Amino acid sequence: MGAKVAVVYYSSTGNVHALAQAVAEGAEKAGAEVRLRRVPELAPDAAIDANPAWREHVEAAKDVETATLDDLTWANAYAIGSPTRYGNIAGQLKQFLDTTGGLWQQGALADKPATGFTSAHNAHGGNESTLLALYNTFHHWGSVIVAPGFTDPAVFAAGGNPYGSSHPGGSGPVSEEALAAARHQGARLARFAARLAATA
31 MGAKVAVVYY
41 SSTGNVHALA
51 QAVAEGAEKA
61 GAEVRLRRVP
71 ELAPDAAIDA
81 NPAWREHVEA
91 AKDVETATLD
101 DLTWANAYAI
111 GSPTRYGNIA
121 GQLKQFLDTT
131 GGLWQQGALA
141 DKPATGFTSA
151 HNAHGGNEST
161 LLALYNTFHH
171 WGSVIVAPGF
181 TDPAVFAAGG
191 NPYGSSHPGG
201 SGPVSEEALA
211 AARHQGARLA
221 RFAARLAATA
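Counting from 31, one number per residue, gives the positions in the sequence shown under this note's numbering.
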């Protein structure tokens, strides 16, 4: 059995969506079967409509399948992404993660490699703390955290975040350097998943 990677994310204006696509591309190129899934939007229309970029992304991403617990059961590796909200993950992603208690109790999430990616408005706007907060969930699941570390020049070129791929949203669209780092992260996750699957 090879790598089966669930890339699950929340994105409001599209930056985390772009990183999620790159992570999925990297995992697929490394031989993994991939499910790219978004968690449901919980914000009211009034909030979304107040930000044209948010509304534009909601419409653009409506064909991306919605994440379910079945996606987590199916996968033997997880890549989970969220924008930064006060140095923490977004409520939309947290709500989805909070529904995993039954799977956690069954041990269905344990021993699987997992990694995270994020985007804050600026380089020091909470990217690292958001990833560390996300990794708290992985610790409780019993996951094997597969951070990118400094394992490829792409990580340095994208700003050198060893915890996971990140993008300062205030700088504009996601850079090619950040996308390359995300692809590396997805490929690294897929390789670990395949190795673990081979020894199971």
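Where a beta carbon is used, it is the ideal one built from N, C-alpha and C, also for glycine.
Please read these numbers as outputs of a predicted model, since none were measured by experiment.
What runs of the alpha helix (DSSP H), each 4 residues or longer, lie entirely inside the segment 105-179?
121-127, 131-136, 157-171
If you follow the alpha helix (DSSP H) that Val204 is part of, which residue opens it and which one closes it?
Counting from 1 along the sequence shown, the entry for residue 204 is found at position 174. Per DSSP, Val204 belongs to no alpha helix (DSSP H) and is neither H nor E.
For His148, which of Gly156, Glu63, Lys142 has the nearest alpha-carbon?
The residue you call residue 148 lines up with position 118 of the sequence shown. In the sequence as presented, His is not what sits at residue 148; that position holds Thr. The residue with the shortest Cα to Cα distance from Thr148 is Gly156.
Which residue comes first and which comes last in the alpha helix (DSSP H) that contains Pro82?
Taking the first residue of the sequence shown as position 1, residue 82 is located at position 52. Pro82 -> alpha helix (DSSP H) spans 82-90.
For Ala36, name the three-state secondary structure that DSSP assigns.
Stepping through the sequence shown from its first residue, residue 36 is reached at position 6. Three-state DSSP puts Ala36 in a strand.
Check Pro183 in the structure and name its three-state DSSP category.
Taking the first residue of the sequence shown as position 1, residue 183 is located at position 153. Three-state DSSP puts Pro183 in a helix.
Quick one: what's got a C-beta closer than 7 Å to Leu164's C-beta in the same chain, skipping five residues either side?
In the sequence shown, residue 164 corresponds to position 134, counting from 1. These residues qualify, in order along the chain: Ile110, Ser112, Ile119, Gly146.
Is the Cβ-Cβ distance between Val94 and Arg68 less than 8 Å?
Your numbering for residue 94 matches position 64 in the sequence shown. Your numbering for residue 68 matches position 38 in the sequence shown. Yes; because the gap between Cβ atoms is below 8 Å, this pair is in contact.
For Val46, which residues in the same chain have their Cβ closer than 6 Å to its Cβ, ignoring the five residues on either side in sequence?
Mapped onto the sequence shown, residue 46 falls at position 16. The answer, listed in chain order, is Tyr39, Gly111, Pro113, Ser149.
On a Cα-Cα basis, can you pick out the residue from Arg85, Gln136, Pro74 that is closest to Gly121?
Along the sequence shown, one-based indexing puts residue 121 at 91. Comparing Cα positions, the closest option is Pro74.
Between Gly194 and Ala177, is the Cβ-Cβ spacing less than 8 Å?
Translated into the one-based positions of the sequence shown, residue 194 becomes position 164. Translated into the one-based positions of the sequence shown, residue 177 becomes position 147. Result yes, Cβ atoms of Gly194 and Ala177 sit closer than 8 Å.
For the candidate residues Leu123, Ala36, His154, Leu72, whose alpha-carbon lies nearest to that of His197?
Here the question's residue 197 lines up with position 167 in the sequence shown. The residue with the shortest Cα to Cα distance from His197 is His154.
Using 8 Å for Cβ pairs, my map puts Phe168 next to Ala184. What's the rounded Cβ distance?
Within the sequence shown, the letter at position 138 stands for residue 168. Within the sequence shown, the letter at position 154 stands for residue 184. Their Cβ separation, rounded to whole angstroms, is 23 Å, which puts Phe168 and Ala184 out of contact at 8 Å.
Which residue wins for smallest C-alpha separation from Leu49, given the options Asp101, Arg221, Gly199?
Sequence index remark: in the sequence shown, residue 49 carries index 19 (1-based). Just measuring C-alpha positions, the residue of Asp101, Arg221, Gly199 sitting nearest Leu49 is Gly199.
Mapping DSSP to helix, strand and coil, what is Val94?
Stepping through the sequence shown from its first residue, residue 94 is reached at position 64. The answer is coil: DSSP assigns Val94 none of H, G, I, E or B.
Could you check the C-alpha separation between Val174 and Leu127 for me, to the nearest Å?
Residue numbering aside, residue 174 sits at position 144 when the sequence shown is read from its first letter. Residue numbering aside, residue 127 sits at position 97 when the sequence shown is read from its first letter. Going from the Cα of Val174 to the Cα of Leu127 covers about 17 Å.
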